[in-house]
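Chains as they are written, first to last, in this note's numbering: chain Y, 200 to 672; chain V, 200 to 672.
2 protein chains.
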Amino acid sequence: MANEKITSRDKDFAKWYTDVVMAAHLASYTSVKGCIAIEPNGYAIWEKMVSILDKKFKELGHVNVQMPLLIPENLLKKESELVEGFAPEVAWVTEGGKNKLEERHCIRPTSETMFSDYYKDHVKSYKDLPMLYNQWCNVLRWEKETRPFLRSREFLWQEGHTLHSTSAEAEAEVKQMMDVYKWFHHEILAIPSITGVKTEKEKFAGAEYTLTNEALMYNGVSLQSGTSHYFGQKFSRAYDIKFQNKENKLEYAYQTSWGTTTRMIGGLIMVHSDDKGLVLPPRIAPRQVVIIPIGKSERVFELANKFNKELNDNDITSFIDLSEKSPGFKFAEAEVNGIPVRLEIGERDLENNVITFARRDTGEKISKNLDIDIVSFTKELLLDIQNSLYNRALERRNKLTFVAHNLDDMKNILNSQPGFIKADWCGNVECENKIKEIRGCKSRCITEDELIDGKCVCCGKPAKHNVIWGLQY
Amino acid sequence: MANEKITSRDKDFAKWYTDVVMAAHLASYTSVKGCIAIEPNGYAIWEKMVSILDKKFKELGHVNVQMPLLIPENLLKKESELVEGFAPEVAWVTEGGKNKLEERHCIRPTSETMFSDYYKDHVKSYKDLPMLYNQWCNVLRWEKETRPFLRSREFLWQEGHTLHSTSAEAEAEVKQMMDVYKWFHHEILAIPSITGVKTEKEKFAGAEYTLTNEALMYNGVSLQSGTSHYFGQKFSRAYDIKFQNKENKLEYAYQTSWGTTTRMIGGLIMVHSDDKGLVLPPRIAPRQVVIIPIGKSERVFELANKFNKELNDNDITSFIDLSEKSPGFKFAEAEVNGIPVRLEIGERDLENNVITFARRDTGEKISKNLDIDIVSFTKELLLDIQNSLYNRALERRNKLTFVAHNLDDMKNILNSQPGFIKADWCGNVECENKIKEIRGCKSRCITEDELIDGKCVCCGKPAKHNVIWGLQY
């Protein structure tokens, strides 16, 4: 069976994760250390993510562009915090066309530098603003420990970069795009994420502040899954991006950036999947229905074709598995690949005018009479699967959300069953560092919730923020 | 006016080209030598190219994947012809994460290496074949002289890579994909290209043979615009890609690759555009109709909105220019940006119940009564523009297609008005090299046409092929 080799999720979560990635043919290792090949099943999920997000970005007025992959060292160095943040993890091109280069070029770890260099030459007046750009591309960060989709030296992402004439407009953009990420996680990926502000220690290098979207995996470990940064005038000062404002005065422009990556595929796996393989919410599943004919009679194939056409004509992505494998093997393959609905059309069932649906999320089998309205029934079934997956994930998240009043609480939680840990914090990085000593626990985000008991979970002094803490990928 | 600064095409073609690229905001230079920023107007054309080609590839059974950007040196070296062909023009990563790497990695100039390495581990039986993969990505070649879109160190492309169990099937794939490129040029880009086989000298490094799609620019220079390669078992032997065939014997698999790039945007410009800026065939234009309201009356805007909605509801991409510029400025901007149809809705015209269409290709203005069926009229107009552009390009190509019987003919043609030059060839590379001495003239492709006079244009000995020659970008 296709899913025989998957380790139990509750027994060894890390191994289970890799097993699902491999068994569902989402990605495979390559001869390039720390870099994966994204296989057809994995890339199809990314394509669906891209198409949904891209449409939303464009509806909000953004346009796509493409900046160079390479960044000359002198250009990268102009914004000191960015360099310090990224210098330890970039790859350098030092030779080109058989010659040693006069100046090293790094492969982009992110493109604030290139966009800033572009704005500098292209913005003159407030009439040119806002500039609402996005780019779909690959970036490279020389990570030491890598895992498919979650942390890879090269990964695919979108990076939005916008420039504005006022701070208010730029800050509204930062918030708007975080709302898009939250919407995408909740409505499309069925992942009940939490959003908030990163602490100073955890914010993006060079940002005034960073908003983050944090998802909780099945094992209680957090996954940062989308960030949105407000830069104020920091990059504008470093790269000299000025515009003539309405009062005819030169002013530095206000900047943002925001991004999501192929790591969301990892998130999908670790929130929804099970010991049989991949489980995909219907809205992100590249193929929503697989029709499996059982038997060789003409009627079976006639009906398979008829239903397949009806579903595809009505915006449900369906296909017929016509391969030469046994029905049992096809069932297992559909399961491991995470196809939300399986429709069995069997010779013997047809004698009773019956067809059978099977849900991937629950395994439930539903027999229906042949005269069913296949389109509306399948639509409802897919919607129910989408909602059930969300609710199941929400239940799990709530179950794994804890409150800590002191460091002992924190240690107990982290050493038994990690999760989102809500705790008050005084705002000092010293306490943040001390908490990190417990299994590497980090602040995930500052929430807007009220304080729990008003005392810092670490030092006991008056608290400033209600913060969510946790282990992370 | 937006198009005032464009040099005359007939006066200085090279300068005209760059002027159009800049004036239409397709791309701009960057601080990275030899690399451009593809701006929103240019990227929108690429997105449309991608969507049309991707759909076609998928209809033919291909699936998308993503292989790593970096290639370890030892892996690249396995196929000697490929290394020799590409080694002079690759960029090398030698440092990563502050450390010198034990082994250099090049940035992919093309990905036969990575696909071969992937196949090796993933193909076991003839049942796993064919593997029909494609990848949309960036590649890098360390060119010395660069020009926006035509030759850039980094460019975007698609590279199809397929693996087959028989040579016949692989060769059929090579031909099929060349037919797709030809279809795309003729039907979508309105470019009457010519396809044929490359000579041994001009074929892809490592290929058994290469099919090519060659377009002729307005100035008579050729642009190679899409190639499809048959590798036979060459890479399979180098990378050890074996499969169990139907006779239960191990056999090396048969391989192909095929690609098109952002340079097609350069081809579009150099075939169709004029002294007023960009001209785009409607089928590739990201925006097909611009509606320009003239005057401030409510009726003008009501009608603009009504027509805009009707067009967009019927698969015609239309927008209303609501910017604060003068109508004259908007006209010029629509022209320079290559919007195929301009619809003027003017207060005064409306008194006579008239609206005015203007064709970008001919400049012709057409007044129509308000009760016109706007959708069917615009569809016909767009189709007529599409066909006219193709016919105009075909006429130009025919006008610039010459026949040479000897080297003097060749010299005369190349020194007065270059173009496609048809001439017989004996098949010896010595003659090819001698012809190249004339202004760098190269064989474009071997045609399937009959011989012209049976004698090699260079040495006069018996000819083997009717070949098209020309200058190239």
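Ideal Cβ positions, reconstructed from N, Cα and C, are used throughout, including at glycine. Every value quoted in this text rests on a predicted model; they were computed, and no experiment measured them.
Own chain, CB closer than 6 Å to V/Val220, minus 5 neighbours either side, in chain order = Annotation for V/Val220: Ala226 and Pro347 place their beta carbon closer than 6 Å to its own, counting only its chain and skipping 5 residues before and after.
Name the chain Y residues whose beta carbon is nearer than 7 Å to that of V/Met248?
-> What V/Met248 touches in chain Y: nothing, since even the nearest Cβ is about 13 Å away.
Based on Cα-Cα distance, which residue from V/Ile483, V/Glu509 and V/Phe518 lies nearest to V/Pro492?
-> The shortest C-alpha separation from V/Pro492 is found at V/Phe518.
Sort out for me which residues DSSP pairs Y/Ala414 with in a bridge.
-> Y/Ala414 pairs with Y/Leu422.
Euclidean distance between Cα positions of Y/Asp570 and Y/Leu502 | The alpha-carbon atoms of Y/Asp570 and Y/Leu502 are separated by roughly 12 Å.
Y/Thr460 in three-state terms, based on DSSP = In this structure, Y/Thr460 counts as strand in the three-state DSSP scheme.
Closer than 8 Å, CB to CB, is V/Leu230 near chain Y or not?
-> Residue identity check: residue 230 of chain V is Ser in the sequence provided, not Leu. V/Ser230 counts as touching chain Y.
V/Gly494, DSSP secondary structure in three states | DSSP, reduced to helix, strand and coil, places V/Gly494 outside both helices and strands of the structure shown, so it counts as coil.
For the beta strand (DSSP E) holding Y/Glu353, just list the boundary residues, first then last.
-> Per DSSP, Y/Glu353 belongs to the beta strand (DSSP E) from Glu353 to His363.
Does the beta carbon of V/Pro287 sit closer than 8 Å to a beta carbon anywhere in chain Y?
-> With 8 Å as the cut-off, V/Pro287 counts as an interface residue toward chain Y.
Which ranges does the alpha helix (DSSP H) cover as unbroken runs of at least 4 residues, wholly within the stretch 229-264 of chain Y, from first to last along the chain?
-> DSSP runs (the alpha helix (DSSP H)) wholly in the stretch 229-264 of chain Y: 239-258.
With a cut-off of 8 Å, does the C-beta of Y/Lys297 fall near any C-beta of chain V?
-> Interface with chain V (8 Å Cβ-Cβ cutoff): Y/Lys297 is included.
Beta-carbon neighbours of V/Ile515, restricted to chain Y and to distances below 7 Å | Result: empty, since nearest Cβ-Cβ is about 18 Å, beyond 7 Å.
Cα-Cα separation, Y/Lys433 to Y/Glu407 | Rounded to the nearest angstrom, the two C-alpha atoms are 8 Å apart.
Can you name, in chain order, every residue of its own chain whose Cβ lies under 8 Å from the Cβ of V/His321, other than the five neighbours on each side?
-> Setting aside the 5 residues that flank it on each side, V/His321 is surrounded in the same chain by Asp327 and Met330, each with a C-beta closer than 8 Å to its C-beta; the list follows chain order.
Tell me which same chain residues have a C-beta within less than 6 Å of the C-beta of Y/Phe354, skipping the five on either side of it?
-> Thr460 and Thr461, listed in sequence order.
Supposed close pair Y/Leu580, Y/Val540 - CB separation, criterion 8 Å = Indeed, because the Cβ distance is near 6 Å, the residues count as touching under 8 Å.
Put V/Asp473 into one of helix, strand or coil per three-state DSSP.
-> V/Asp473 falls in the strand class under three-state DSSP.
At least 3 beta-carbon pairs within less than 8 Å: the stretch 439-456 of chain Y vs the stretch 223-243 of chain V | Touching, no, given that fewer than three Cβ pairs across the two stretches are closer than 8 Å.
Rounded to a whole number of angstroms, what is the C-alpha to C-alpha distance between Y/Pro526 and Y/Arg482?
-> In a straight line, the C-alpha of Y/Pro526 is about 26 Å away from that of Y/Arg482.
Proximal residues, the stretch 474-506 of chain Y versus chain V, C-beta separation under 8 Å | Hits within the stretch: zero.
Between V/Pro267 and V/Gly431, what straight-line distance do the alpha-carbon atoms span, to the nearest angstrom?
-> Using only the alpha carbons, I get a separation of about 24 Å.
When the distance is taken between beta carbons, is V/Tyr332 closer than 8 Å to V/Val264?
-> Yes, these two residues count as a Cβ contact at 8 Å.
State the beta-bridge partners of Y/Ala557 as determined by DSSP.
-> Y/Ala557 is bridged by DSSP to Y/Arg541 and Y/Lys564.
Check each candidate in V/Gly419, V/Gly494 and V/Thr398 and name the one with the smallest Cα separation from V/Ala592.
-> Answer by Cα proximity: V/Gly419.
Taking Y/Ala705 as part of the beta strand (DSSP E), name the residues at either end of that continuous run.
-> The structure shown does not extend to residue 705 of chain Y, since chain Y is modelled only from 200 through 672, so no value can be given for it.
Find the nearest neighbour of Y/Leu362 within the set Y/Ala533, Y/Ile538 and Y/Val262, judged by alpha-carbon distance.
-> For Y/Leu362, the nearest C-alpha among the options comes from Y/Val262.
Test: V/Cys640 CB closer than 8 Å to a CB of chain Y = No, no contact with chain Y.
Whether Y/Phe619 touches Y/Ile667 by CB criterion (8 Å) | Taking 8 Å as the cut-off, the beta carbon of Y/Phe619 is found closer than this to the beta carbon of Y/Ile667.
Can you name the residues that DSSP bridges to Y/Lys654?
-> Bridge partners of Y/Lys654: Y/Pro661.
On a CA-only basis, which of Y/Leu467, Y/Leu650, Y/Asp316 and Y/Ile205 is nearest V/Tyr228? Give me that one, please.
-> The residue with the shortest Cα to Cα distance from V/Tyr228 is Y/Asp316.
Can a CB atom of chain Y be found closer than 8 Å to the CB of V/Met416?
-> Not closer than 8 Å to any Cβ of chain Y, the Cβ of V/Met416 fails to qualify, so no.
Please state whether DSSP places V/Asn444 in a helix, a strand or coil.
-> Look at V/Asn444 here: in three-state DSSP terms it is coil, with no helix or strand label.
Buried or exposed by the 16-neighbour rule on C-beta atoms within 10 Å, applied to V/Asn665 = Answer is buried; the Cβ neighbour count reaches 16.
Nearest neighbour of Y/Arg547, chosen from Y/Met416, Y/Arg498, Y/Leu582 and Y/Val535 [CA to CA] = The candidate whose alpha carbon is nearest that of Y/Arg547 is Y/Arg498.
For V/Asn507, the three-state DSSP class (helix, strand or coil) = Collapsing the DSSP output to three states places V/Asn507 in a helix.
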